[in-house]
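**Q**
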Amino acid sequence: MKVFSLKSQGVKEVKQYNASRRLARSIKPVGPLRSPYLTQLIDPSDGLSVLEKRVTNWVLQNPNAPKDEAVFVKDGFELTRGEIASLDIGKHISKRVIDVWSIILNHNEKFRSEESPLRVFARSMDCVANGDIVDVSKANVKNMFANALLPAWDDMADDFNWGKAELNWAYVLCVGLKSRRCDILDSSSAKEKNEDRYGDMPKRVVRLLGDFLEQQRFVFKGKCVREMVAKRITFPWRDPKATFDYGVATMRHMETYMGDGGKGWNSGVSRLNLKPMLLLRCKYCACILLSPVNALLDKVYKESEKLERERKEKDPK
């Protein structure tokens, strides 16, 4: 059995946010810049910019650099060079990359348009019954689940999203409060029944989310969530043979899915054209490294520029 969680910690007090605080922004975007869904969505049809090429080369084309070196830090959560290098072509993406992607998407939600649903992205969760976590009691599981939501919790949230990563496999579980639906976004083969493919994971997540909402005094929302039944969403770009791309597809689904059951949903990728998916690997790598929430952003700029300068001196061409 597996449950979405973080490392076991005591549950911190959950702050209640009112609507006015939720919409407050340190920088007030104007016009079309207000919505990341319209202007900040990564476009796989665009090529890499000079800066994007530079920072991705610094990570992906720098074999002599230490793999345990931190290249992203946010609130004590680190991503190493070796972990982000899993975004290289032909590799299965590390679940910690999906964790960091959740952090970045939560940051982008601060600049969403007021008409857009407020999405919350919990960090990918460790398994509580795989030997890594000793205490699998009901109380501790609830604590770990709550801790997975706390970094992004907002009492005005409309959709809750979990990026689930296992060995050579990843998918998204989205719980929508307004739409009252629980959706599974999975690019892998659909031959197996949901019960065989996902076990009781969706049911456990729904139950834990219901408990969490009730703890925050949202009794009606908690009741509605518990009544949800997870359903797998179909989409035309699903390619079950592209096993190495399950992770990047999951990141794309997290970025583009709005919790509406897939109506009008266009992820910008196609099973007939692999180029966008390959490009997204580099785009996401650069996006993570260059994110304004990255405490090591100055280091990324300076060291990538230094490496590029050294290479040009060796080969002026």
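First residue of the sequence shown: -16, per the working numbering; consecutive thereafter. Where is the CB? At the ideal position from N, CA and C, for every residue including glycine. Since the structure is predicted, the reported quantities are computational estimates derived from the model, not experimental observations.
#1: Let me know if Glu238 comes out buried or exposed under the rule of 16 or more other beta-carbons within 10 Å of its beta-carbon.
#2: Does the segment 177 to 185 touch the segment 217 to 237, meaning 3 or more C-beta pairs lie closer than 8 Å?
#3: From Val189 to Val283, what distance separates their C-alpha atoms?
#4: In terms of alpha-carbon separation, which member of Ser99, Glu197 and Trp136 lies closest to Lys161?
#5: With three or more C-beta pairs closer than 8 Å as the rule, is the segment 232 to 250 touching the segment 276 to 294?
#6: To the nearest angstrom, how far is the alpha carbon of Leu168 from that of Lys214?
#7: Between which residues of its own chain and Thr233 is the CB-CB distance below 7 Å, once the five residues before and five after are set aside?
#8: Which whole-angstrom value is the C-beta distance of Ile67 and Val42, which I expect to be below 8 Å?
#9: Check Tyr267 in the structure and name its three-state DSSP category.
#10: With distances taken from CA atoms, which of Arg102, Ala129 and Gly245 is nearest Leu196?
#11: Looking only at its own chain, which residues have a Cβ that is under 6 Å from the Cβ of Glu35, when we skip the five neighbours before and after it?
#12: Counting along the chain, where does the alpha helix (DSSP H) carrying Tyr229 start and finish?
#13: According to DSSP, which residues form a beta bridge with Ser253?
#14: What is the DSSP secondary structure of Trp248, counted as helix, strand or coil?
#15: Along the chain, which unbroken stretches of the alpha helix (DSSP H) at least 4 residues long are found entirely within the segment 153 to 206?
#16: Does DSSP put Ala140 in a helix, in a strand, or in coil?
#17: Can you tell which of Lys174, Val83, Arg254 and Lys297 has its C-alpha closest to the C-alpha of Leu62?
#18: Would you tell me roughly how many angstroms separate the C-alpha atoms of Ile328 and Gly65, rounded to the nearest one?
#19: Assuming Ser172 and Trp220 make a contact with CB atoms under 8 Å, what is their CB distance in whole Å?
#20: If you count every other CB in all the chains shown that lies within 10 Å of the CB of Lys289, and 16 or more means buried, which is it?
#21: Opposite Lys214 in the DSSP bridges: which residues?
#22: How is the alpha helix (DSSP H) around Asn43 delimited, first residue to last?
#23: Mind checking whether Ala131 and Val103 have CB atoms under 8 Å apart?
#24: Classify Arg106: buried if its beta carbon has 16 or more other beta carbons within 10 angstroms, exposed otherwise.
#25: Taking 8 Å as the threshold (C-beta atoms), are Gly205 and Asp194 in contact?
#26: Alpha carbon to alpha carbon, what distance is there between Lys121 and Leu280?
**A** This is what the structure gives:
#1: With 16 or more Cβ atoms within 10 Å of its Cβ, Glu238 is classed as buried.
#2: The segment 177 to 185 and the segment 217 to 237 do not touch, with fewer than three beta-carbon pairs separated by less than 8 Å.
#3: Going from the Cα of Val189 to the Cα of Val283 covers about 39 Å.
#4: Nearest C-alpha to Lys161: Ser99.
#5: No contact exists between the segment 276 to 294 and the segment 232 to 250.
#6: Approximately 9 Å, taken between the alpha carbons.
#7: Once the five neighbours on either side are set aside, the close Cβ partners of Thr233 are Ile81, Gly146, Ala153, Tyr154 and Val155.
#8: Confirmed, about 6 Å.
#9: Looking at Tyr267 - three-state DSSP - the assignment turns out to be helix.
#10: Taking only the C-alpha atoms, the option nearest Leu196 is Ala129.
#11: Exclusion of the five residues before and after Glu35 leaves Ala269 as the residues of its chain whose Cβ lies within less than 6 Å of its Cβ.
#12: Where Tyr229 is concerned, the enclosing alpha helix (DSSP H) stretches over Tyr229 to Thr239.
#13: Ser253 has Asn256 as its beta-bridge partners, per DSSP.
#14: Trp248: coil per DSSP, three-state reduction.
#15: With a minimum length of 4 residues, the continuous alpha helix (DSSP H) runs that stay inside the segment 153 to 206 are 177 to 181 and 184 to 198.
#16: Three-state result, Ala140: coil.
#17: Looking at Lys174, Val83, Arg254 and Lys297, the one whose alpha-carbon comes closest to that of Leu62 is Val83.
#18: The chain is shown only over -16 to 300; residue 328 falls outside these bounds and no answer can be derived.
#19: Incorrect: roughly 15 Å between the Cβ atoms, too far for contact.
#20: Flag for Lys289 reads exposed.
#21: Asp166, per the DSSP bridge assignment.
#22: It is Leu, not Asn, that sits at residue 43 in the sequence shown. Start and end: Val33 to Leu43.
#23: No. Outside cutoff.
#24: Looking at its Cβ environment, which holds 16 or more other Cβ atoms inside 10 Å, Arg106 is buried.
#25: Cβ distance < 8 Å, so Asp194 and Gly205 count as in contact.
#26: Straight-line spacing of the CA atoms in Leu280 and Lys121 works out to 40 Å.
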